[in-house]
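Mapping to the UniProt record's numbering: the sequence shown position 28 is 28, numbers consecutive.
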Amino acid sequence: MKNILHIISSPRVEVSASRKLGKAVIEKIQEKYPDVVVKERDLSKDSIPILEEVHINTFFTPVESHSQEQAAINEYSTGLISELQEADIIVVDSPMYNFSVPASLRAYFDFTSRAGYTFKYDENGPKGLLNNKKLYIAFTSGNIYSEGPYQVYDSNVPYVKNIFGFYGVTDVSVFRAEGLSIPGIQETAMEKAIEAIVID
Ligand SMILES: Cc1cc2nc3c(=O)[nH]c(=O)nc-3n(C[C@H](O)[C@H](O)[C@H](O)COP(=O)(O)O)c2cc1C
């Protein structure tokens, strides 16, 4: 039995394209592995705070010295990390928002990038601590970034790949529904993206 963690980052619910693509990825995984258990981390429902000094101080204070406030912050952060640790497969919905990921996903990374939990440093440099996991990225965008003149703006997918790579998750497949704002492309982009999903 495999555990899937589905990280949803669009603030939109009904009309969200990335939720649709992410859901299609989950469904294809379920076709291949019928007994998977899916856990959703919907960042639009349970907002993660913007990183403040109190959070950073918590992350760099030994657990045994935590104040009550720091203990609560640490428990919240390590709870998010436990979901990543328990997952065999991670599906991230990652829509392009102003040439980046939605702020909620950035906040998620701020609360899960923790030395000793998701990575560590040794004499060889950084080492990811989340190993033997598969990552699927469900990327959606108004414009096209995988090829053509705007490829230099392809900042979302490389960023998500880099963060997870830093965590040790290096087996990655990317599915893109692009051009969702471009007449002539938008009509079929999602259908084609869903058809192109291959689960390995
Ligand atoms: C606030 C906002 C910012 C956006 N910024 C970009 C952008 O920088 N580049 C782009 O190609 N599309 C942009 N788009 C279009 C989205 O990437 C596209 O609609 C995507 O499907 C959004 O995902 P969602 O439907 O799951 O929310 C933006 C859309 C919104 C609502």
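We put the beta carbon where it would ideally sit given N, CA and C, even for glycine.
**Request:** Would you please state the rounded distance, in angstroms, between the beta carbons of Ile89 and Arg41? I believe it to be under 8 Å.
**Result:** Wrong, their Cβ atoms sit about 13 Å apart, outside the cutoff.
**Asked** I think Leu5 touches Leu84, with their Cβ atoms under 8 Å apart; what is that distance to the nearest whole Å?
**Response** Confirmed, Cβ separation roughly 6 Å.
**Item:** Residues near residue 204 in its chain [Cβ-Cβ closer than 7 Å; skip 5 each side]
**Value:** In the structure displayed, the chain extends from 1 to 200; residue 204 sits before or after that span and is not available.
**Item:** Exposure label - Val169; buried when at least 16 CB within 10 Å
**Value:** By the 10 Å Cβ count, Val169 comes out buried.
**Asked** Among Ser146, Met1, Ser181, which one has its Cα closest to the Cα of Asp35?
**Response** Cα-wise, what sits closest to Asp35 is Met1.
**Asp171 - partner residues in DSSP beta bridges** = DSSP, once it has assigned bridges, lists Lys134 as partnering Asp171.
**Request:** Give the DSSP bridge partners of Leu5, in chain order.
**Result:** Lys39, Ile90.
**Message:** ligand 1 and Asn124: does the residue's C-beta get closer than 7 Å to at least one heavy atom of that ligand?
**Reply:** Between ligand 1 and Asn124, a heavy atom-to-CB distance of less than 7 Å is absent.
**Prompt:** In the DSSP assignment, what residue or residues form a beta bridge with Ser100?
**Reply:** Paired residue(s): Tyr97.
**Item:** The beta strand (DSSP E) enclosing Gly22, as first and last residue numbers
**Value:** Gly22 -> not in any beta strand (DSSP E); alpha helix (DSSP H) instead, spanning 17-32.
**For Pro158, the three-state DSSP class (helix, strand or coil)** = Helix at Pro158.
**Prompt:** Would you call Thr188 buried or exposed, if buried means 16 or more other Cβ atoms sit within 10 Å of its Cβ?
**Reply:** Thr188 is exposed by the Cβ-count criterion.
**Request:** With a threshold of 7 Å, establish whether the CB of Gly79 neighbours any heavy atom of ligand 1.
**Result:** It does not: the Cβ of Gly79 is nowhere closer than 7 Å to a heavy atom of ligand 1.
**Short Cβ contact (8 Å threshold) for Ala24 with Ser94** = It is not a contact, given that the beta carbons lie outside the stated cut-off.
**Message:** I'd like the span of the beta strand (DSSP E) that includes Phe59, first residue to last.
**Reply:** Segment 53-59 is the alpha helix (DSSP H) holding Phe59; no beta strand (DSSP E) there.
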